[in-house]
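Notes follow the structure.
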Amino acid sequence: MPGTTLDRSLAEELTAALSASGSATAPVIAPFTGDVLHELPLSSASDVLDATAAARVAQRAWRAAGFAHRRDVLLKAHDLLLADRERLMDVLQSETGKTRGQAFEEVFQGATVTRYYAVSAASVLRTRRRRAGIPLVLQTRVSYKPKGVVGVITPWNYPLSLSLMDVIPALAAGNAVVQKADNQGALSVLASRQAFIAAGVPEALWAVVAGDGNEIGNAVVDNCDYVCFTGSTATGTKVAERAAARLIGSSMELGGKNPLIVLDDVDPVKAAANAVYSCYSSMGQLCVSIERIYVQRAVADAFTKAFVARVSELVQGPAFDFSTDVGSLTTAAQLERVTAHVDDAVALGATVLTGGKARPDLGPLFFEPTVLTDVTDAMACAKNETFGPVVAIHVVDTAEEAVAEANASEFGLNSSIFSGSRSRARALADTIDAGSVNINEGYRATFSSIDAPMGGMKKSGLGRRNGREGILRFAEGRTVAESTGLLTLPRTGKEFAAMAGIMVTLLVALKTIRRR
Ligand code: NAD
């Protein structure tokens, strides 16, 4: 089929920018066809060392150039990203097997975070006065210093948007970045990086390395000043331990087993139509994707019928235009995992309401969007992240039961509530143990709200990306407090004796006026 493989010369042009000095390569497979997409040059640990050293030098000038310069460069990159969107979507689809629509969402999100941090970095990180310990006698300010070189480790599933959601705030705050891209997502990272280089980001300031997760990932963690990781809980735990051993900070964006609650006051057909997208976007290979649905009995039959009907109508296939609704899984390991979860569930008594099978007729890694019911805790897919197009529908009697089930997970990344009453849903949101709660949406309401923090509770992560929190993690707060000279602080016993009474009176007065 034409268009399912990438022009080799484009892949070579893009990978020329990788920090990889040796001759080792690894084949990257095109999900739509199973053909070799390109041979990826592999970095070594010493490439990471070299890249970090060069990034350190570049960072000094970048920091000194100031917020206004960085804002202008990033805003120019925003325009270049949009101008290059068709090519970016081609590369994204070639590497991940996702649909044109979901590739478009990545570019949209990438441009949004670029604009957001370009415009907001200066105000978030400007030096601010804080309350001094003793009013008038002392004055206190907090300023922010970039961390230096930020290590960013990214997965393959949303290689463009998840990368920019961490790289751009790090750059906007005045840091350099050494990014370890997943082998399957390196082209998308490098293609989007080109817009930033053309806009004025120095090449050495944002280095990209690829290769073995352990070897290259460890080298990044061992040499940077802060690390943000997006990936599985198992790997994230190792990365967090390694960072902690060096006493550097880290943020961990990890896995989820995200629940969606359908309350009895919904229009079940409308709710079903809206809920479907949140389960099958990028074939469910999305950290915030929904894998568990808890529906109240009163609307369960109507909701399930409408949901299954909608899922059965989804158009699946390899297409480099907007003609499909769902695409392919990305890797053979993903196909194996999804197949194993569905086979295990069926063997243990689950019912397949629709889907449940691979679609080799469409391509080697296609799997049908699948809806299960009668899923019990004995099944692998009940509590473990499938990270695929498989959702289980459970019927519950009350909203409280739905919340208890939703919270009965070691994860706490994303969640969703569908209700006819937004105020009822908001009240219920307060009882959910997850970093994000979407109302009458599956994940896009929170995921696109990049002014608000995103992250996980429990085993879904540590720290937050996006918003003020997303940029403050890349800076060290530094407190500068000074004596105004109005009064000398007591130093001797005699001076304390003279001032103790005044100071107690001051404390009482401060409390009376409720001063912080
Ligand atoms: P993964 O943990 O296998 O790999 C993620 C990245 O870490 C890759 O670049 C990989 O090469 C690298 N890596 C592997 N071993 C490493 C090590 N020892 N040290 C440092 N880096 C190492 O995850 P994956 O399979 O690529 O991604 C899927 C997982 O990511 C899912 O669990 C998904 O939920 C999660 N995810 C979370 C978010 C989020 O924002 N919370 C977003 C996307 C994906």
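According to my numbering, the sequence shown is numbered sequentially starting from 4. Using N, Cα and C, we set each Cβ at its ideal position, and we do this for glycine too. Small disclaimer: the values here were computed from a predicted structure and weren't measured.
Pairing Asp380 with Leu84, the inter-Cα distance amounts to about 45 Å. Set against 7 Å, the gap from the CB of Ile251 to the closest heavy atom of ligand 1 is not smaller. When the alpha-carbon of Arg249 is set against those of Ser235, Leu257 and Asn221, the nearest one is in Asn221. Secondary structure of Ile453 (DSSP, three-state): coil. About 5 Å separates the Cβ atoms of Ser191 and Leu95, confirming a contact at the 8 Å cut-off.
DSSP, reduced to helix, strand and coil, places Gly234 outside both helices and strands of the structure shown, so it counts as coil. Relative to the non-hydrogen atoms of ligand 1, the Cβ of Ile156 comes within a distance shorter than 7 Å of at least one.
Rounded to the nearest angstrom, the gap between the Cα atoms of Ala19 and Thr449 is 36 Å. Per DSSP, Ser426 is one residue of the alpha helix (DSSP H) stretching across Arg425 to Ala432. Taking non-hydrogen atoms of ligand 1 into account, the C-beta of Asp436 is found less than 7 Å away from none of them. By the criterion of at least three beta-carbon pairs nearer than 8 Å, the stretch 210–225 is not in contact with the stretch 112–126.
For Lys360, the secondary structure class from DSSP, reduced to helix, strand or coil, is coil. Rounded to whole angstroms, the gap between the alpha carbons of Cys282 and Glu206 is 38 Å. Of the other Cβ atoms in all chains shown, 16 or more fall within 10 Å of the Cβ of Val269; this residue is therefore buried. In this structure, Gly464 keeps its C-beta atom at 8 Å or more from the C-beta atom of Ile453. Taking the Cβ of Lys241 as the reference point, at least one heavy atom of ligand 1 falls within a distance shorter than 7 Å. Taking 7 Å as the cut-off, the C-beta of Glu413 does not count as close to any heavy atom of ligand 1.
In the DSSP secondary-structure assignment, Asn417 is bridged to Ser439. If you compare the alpha carbons of Thr434, Gly177, Thr102 and Gly473 with that of Gln319, the shortest gap goes to Thr102. Look at Asn226 here: in three-state DSSP terms it is helix. Under the 8 Å Cβ criterion, the stretch 408–415 does not count as touching the stretch 440–447, having fewer than three qualifying pairs.
Between Cys231 and Val181 a beta carbon distance of about 12 Å is seen, past the 8 Å cut, so the two are scored as non-contacting.
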